[in-house]
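Notes to accompany the following structure.
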Amino acid sequence: MNILFATSEAVPLAKTGGLADVAGALPKALNKRGVDTRVVLPKYEEIPAALSSQFELIAHFTVSFGWRNQYCGLLKAEFDGTIYYLIDNEFYFKRKGLYGYGDDAERFVFFCFAVMEAVRYMEFHPDIVHCHDWQTGIIPFLLKTRYYHDPAWAYTKSVFTIHNLKYQGLFGIDLLKDLLGAGDDMFLTDSLEFHGAGSCMKGGLVYADKLTTVSGTYAQEIQTEYFGERLDSLLRYRSGDLIGIVNGIDDELFDPMNDSALEVPYRNSISRKRKNKVELQRELGLPQSEEIPLIGIVSRLVEQKGFDLIAATFEELLQEDVQFVVLGAGEGRYEHFLNDAAYHHPDKVAVWIGYDDRLARRIYAGSDMFAMPSQFEPCGLSQLIALRYRTVPIVRETGGLKDTVQAYNEYTGEGNGFSFTNYNAHDYMYTVRRALALFRNEEAWKQIVFNGNKEDYSWNRSAKAYISVYSQLAAHRKEKESWPVIL
Ligand code: ADP
Ligand code: GLC
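Letter by letter, the sequence shown follows residues -11 to 475 of this note's numbering.
Encoded structure:
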């Protein structure tokens, strides 16, 4: 089977969040299992020069969309057993950062058309094009409309994965009509129209052959009004084609035994882990002590991640003997709040605003606990990385957090973390306090930390689940191919 991943970010080239981790690690896991999986993404300015210089130009052509004709270069390189293609157009992608520009609609519609054209030059015929989030939602749409009879895409099926239903790529209908060269008939309720706007995500949700999302619980949640972001009825309508597959992490890339960002490598030794904690405290100017419990947070600073709960309880929790280390970037209100807290409590709070992979790894390793009280969480990779680094997650029971973290039970000794149900600041605070109390019980703490070691959080299980989704679609394709023979 040939699978083409179309994505707006992928490790090791460009990353803003968990999507990049998935689009890097899942193809690697699939390739290891003999499924030829390749990845295509835009050639951003952000891609480190040491990596972009390894790409060779394999083709260049013109991409026509709406009335536009734009240059497109296609580059190719292999990293760690996976072939990556880059779509090159400096006008659209030679900019700082990945998203957040006024012309994002045009940039990513161009990307989708460019992928449709690029396949002619790849010497690789995808059986499945696997698209991720709104930036690639237009691909399943094009496959079922403009490119339906195109030999370059003959028999190709599409899978669309929802990593986060909140970000939908909503733009004015006139703009999308102009970019897609499409008419009114493509902007009806059963196509791209969404409450008076045009939706790129609906391109995936309506037109893809299969839909997946990144945990079983989130697959259920998004079919309800509360989590459904006004798409729940469509998702209920497509529930027969929707499956939740929990993410894994790349256990080679995230390995405390083999991580150059860490001071002291470790696997199961709490005392070696705590040496990393003291190093982290030293680096961030906090009092150095193995005994003070340290709570880490590495996150986008957005409402989704539960920062309202964190803010509401911060001062009260700081009455305890505890330290907080926070790394993140995002909404100004949360950045200000955190900077302010660090200013007033320099001996208890260290905050680093920005994106920093090395510091993130040092926080995962140096923390005793990892806080992630998300309002909603499609899957969450941070709690999985925390578990891999023997750091105990404190989470709200939603989406993938519910599927991967089990609350510690004092009576049975089971559970790899702490959790609470309602999105309520005091429930969160009570749960943190309970974790802090158990931290002082050495035996119980050891048990919780080691329970985190029992589950396999790598891609082993979930890669198989994706292969089964692809195989079902490919089998369907074979039926279609053999149809005239049966006649
Ligand atoms: P989301 O994709 O919603 O942001 P995930 O938990 O799925 O959440 O994935 C977040 C990924 O991004 C993790 O690998 C996490 O370590 C990383 N990350 C988030 N913020 C930062 C940051 N400021 N610096 C470095 N890495 C970060
Ligand atoms: C999104 C979600 C996160 C998930 C990630 C990768 O960014 O917010 O929960 O882990 O995608 O699937």
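A virtual CB, placed ideally from N, CA and C, is assigned to each residue, including glycine.
Given the structure is predicted, the values throughout are model-derived calculations rather than measurements.
The continuous beta strand (DSSP E) containing His118 extends over residues Ile116 to His120.
For Lys265, no beta strand (DSSP E) run applies; the uninterrupted alpha helix (DSSP H) run containing it begins and ends at Ile258 to Leu272, by DSSP. With 16 or more other Cβ atoms inside 10 Å of its own Cβ, Gln311 counts as buried.
Proximity of the segment 146 to 156 to the segment 357 to 369 meets the contact definition, three or more beta-carbon pairs being nearer than 8 angstroms. Remark: fewer than three beta-carbon pairs, one from each stretch, lie closer than 8 angstroms, so the segment 71 to 90 and the segment 159 to 166 are not flagged as touching. In this structure, the alpha-carbon of Gly216 lies about 24 angstroms from that of Ala(-6). Asp76 carries a strand assignment under DSSP once its states are collapsed to helix, strand and coil. Using a Cβ-Cβ distance cut-off of 8 angstroms, the segment 98 to 113 and the segment 24 to 34 are in contact, since at least three pairs of beta carbons, one from each stretch, lie closer than that value. The beta carbon of Gln211 sits closer than 7 angstroms to the beta carbons of Asp220, Leu223, Arg224 and Ser227 from its chain, once the five residues preceding and following it are set aside; these are given in chain order.
Here Ile373 has Ile237, Phe242 and Tyr352 as same chain residues with Cβ atoms under 7 angstroms from its own Cβ, once five neighbours each way along the sequence are excluded. Residue pairing by DSSP places Met417 opposite no residue, since no beta bridge is assigned to it. The beta carbons of Glu34 and Ala11 sit no closer together than 9 angstroms. The three-state secondary structure of Leu389, taken from DSSP, is helix. Residue burial annotation: Pro275 is exposed, with fewer than 16 other C-beta atoms found within 10 angstroms of its C-beta. Of the other Cβ atoms in all chains shown, fewer than 16 fall within 10 Å of the Cβ of Met245; this residue is therefore exposed. Here Leu297 is not near Ala142, since their CB atoms are 9 angstroms or more apart. In the three-state DSSP reduction, Ser227 falls in the helix class (H, G or I). Gly440 sits in coil when the DSSP states are folded into three classes, being neither helix nor strand. Under DSSP, Arg350 forms no beta bridge with any residue.
With fewer than 16 other Cβ atoms from the protein chains shown falling within 10 Å of its own Cβ, Leu176 counts as exposed. Rounded to the nearest whole angstrom, the CA to CA distance from Ala330 to Phe112 is 52 angstroms. When secondary structure is reduced to three states using DSSP, Met360 falls in the strand class.
With 16 or more neighbouring CB atoms inside 10 Å of its own CB, Thr144 falls in the buried class. Annotated three-state conformation of Pro30 is strand, per DSSP.
Relative to the ligand GLC, Pro366 has its C-beta within less than 8 angstroms of a heavy atom.
Linking Met110 to Lys265 through their CA atoms gives a straight-line distance of about 47 angstroms. In this structure, Ser179 and Val194 form a Cβ contact; the two beta carbons are roughly 6 angstroms apart against a cut-off of 8 angstroms. Rounded to whole angstroms, the separation of the alpha carbons of Tyr80 and Arg270 is 42 angstroms. Under the 8 angstroms Cβ criterion, the segment 304 to 324 counts as touching the segment 277 to 294, having at least three qualifying pairs. Nearest neighbour of Ala38 by Cα position, chosen from Leu1, Asp24 and Gly61, turns out to be Leu1. Within the same chain, Leu369 come within 6 angstroms of Gly6 by CB-CB distance, once the 5 residues on both sides are set aside. Contact annotation: Ile455 and Val(-1) have beta-carbon atoms that are not nearer than 9 angstroms. By the neighbour-count criterion, in which a residue is buried when 16 or more other Cβ atoms sit within 10 angstroms of its Cβ, Glu105 is buried. Between the segment 443 to 459 and the segment 332 to 349 there are fewer than three inter-stretch CB-CB distances shorter than 8 angstroms, so the stretches are not counted as touching. Per DSSP, reduced to three states, the secondary structure at Trp447 is coil, with no helix or strand assignment.
Secondary structure of Ile150 (DSSP, three-state): strand.
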